[in-house]
Each structure stands twice: as C-alpha cells, then as structure tokens.
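Sequential numbering of the sequence shown, starting at 0, is according to numbering that gives the first Met the number 0. We put the beta carbon where it would ideally sit given N, CA and C, even for glycine. Treat the numbers as computed from the prediction; the structure is a model and nothing was measured.
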Amino acid sequence: MDEKEGVINMNIAIYQYHRSDSKSMEMNQSGEHLILSAVTMCKDKAEELYGEECNFIQYVDITLDMIPSNYMKGAYVRPELERLLEDIHLGLIETVIVTYMGAVASDFNFIIAFYISLCQHNVKLATVREGEKINILMEQALEEFRKQAGL
0 MDEKEGVINM NIAIYQYHRS DSKSMEMNQS GEHLILSAVT MCKDKAEELY
50 GEECNFIQYV DITLDMIPSN YMKGAYVRPE LERLLEDIHL GLIETVIVTY
100 MGAVASDFNF IIAFYISLCQ HNVKLATVRE GEKINILMEQ ALEEFRKQAG
150 L
C-alpha cells in the first residue's frame with residue numbers, strides 16, 4: 000500500500016472471464032461492451048467499499064485455452080487467472096473483486112480452492128452483488144465442503 004498525505008491506495012484486482020465465440024475466437028463489439036460493463040461494476044463496488052483511492056489491476060480472460068497452474072496444485076486455469084494468482088502470491092494484491100463467483104469458475108471445487116488460496120495470502124474477496132459478504136458465504140460453503148469430505 001502506498002501512503003500519500005494520509006491516503007491509502009489499495010491494490011484491487013478485477014478479474015473477469017468472457018467466453019468469446021468459440022468458432023471464430025474473435026472478440027466482438029458486444030463482448031467488449033460486456034467486459035467493460037463488468038469491469039465498471041467491479042470498480043464501482045470497490046469505490047463503494049473502500050473509497051475512491053484504489054489502484055485497479057485488470058485481469059480479463061477471453062480465451063478458452065487452459066494452462067497448468069503454478070499456484071493451484073493440479074489445476075488448469077485461464078492465462079489471466081494464472082497471472083492474478085501469481086500477483087497474489089507475490090503479495091501485490093489486497094482484494095479481488097469479481098461480478099460473481101461464476102466469473103472465476105463454474106466448478107465448485109475450484110471455487111473453494113481459489114478461496115482457500117486467497118485466504119492463505121490474506122487477500123479479501125468481494126463480488127458486485129454480495130460485496131464482502133461473499134466471504135461469509137464462502138466460509139459456510141467451505142465448512143460444508145469439509146463436513147462432506149470428512150475433514
């Protein structure tokens with residue numbers, strides 16, 4: 000965090016995934032508008048939660064390509080999500096904001112693993128709809144997951 004004249008700037012990551020037309024793999028104008036809209040909603044939520052002095056780092060995946068993750072053992076991730084995980088690992092990110100958890104992944108186990116990774120690095124999570132309350136929901140889901148797994 001940078002401190003200038005008593006103002007604290009938070010490094011906030013905005014992650015968004017947009018599935019482009021899988022046949023042409025080109026981003027069309029409608030897709031660009033959707034991404035811009037989602038990023039704007041995330042920025043608005045960040046300013047609502049933390050004030051206007053935030054440093055935003057955007058991570059936007061538009062590819063179907065998956066790569067093995069260096070930060071989530073055994074997982075395959077999209078390239079920009081891997082870049083986000085790297086920056087989290089390096090301590091560059093304090094908060095991750097997404098429009099909704101489905102923007103990270105549709106697989107429940109992956110979402111739990113992603114949340115655990117954030118917790119291990121003391122990174123906050125917020126969504127446009129739930130704000131920071133998503134952490135309570137994720138903790139409840141994690142507890143249920145542990146019960147079902149016998150942990």
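query = Can you tell which of Ser-36, Ala-148, Arg-77 has the C-alpha that lies nearest to the C-alpha of Ser-105?
reply = Of the residues Ser-36, Ala-148, Arg-77, the one whose Cα lies closest to the Cα of Ser-105 is Arg-77.
task = Report the rounded CA-to-CA distance for Asn-134 versus Lys-123, giving the unit in angstroms.
result = About 8 Å.
inquiry  = Assess contact between the region 74-94 and the region 110-120, defined as three or more Cβ pairs (one per stretch) separated by less than 8 Å. Is contact present?
reply    = These segments touch.
message = Cutting at 6 Å between CB atoms, please list the residues of its own chain near Ser-68, excluding the five before and the five after it.
response = Excluding sequence positions up to five before and after Ser-68, its CB lies within less than 6 Å of the CB of Ala-74, Val-76, Glu-81, all in the same chain and listed in chain order.
ask   = When DSSP labels each residue in this structure, what does Ile-133 get in the three-state scheme?
value = Residue state for Ile-133 is assigned as helix, using DSSP reduced to three classes.
8 Å Cβ shell around Glu-129 - same chain, five flanking residues per side excluded = In chain order, Leu-136 place their CB closer than 8 Å to the CB of Glu-129, counting only its own chain and leaving out the 5 sequence neighbours on each side.
query = Taking Arg-145 as the reference, which of Ala-37, Cys-53, Phe-107, Tyr-49 has the closest Cα?
reply = Of all alpha-carbon atoms in Ala-37, Cys-53, Phe-107, Tyr-49, the one lying nearest the alpha-carbon of Arg-145 is that of Phe-107.
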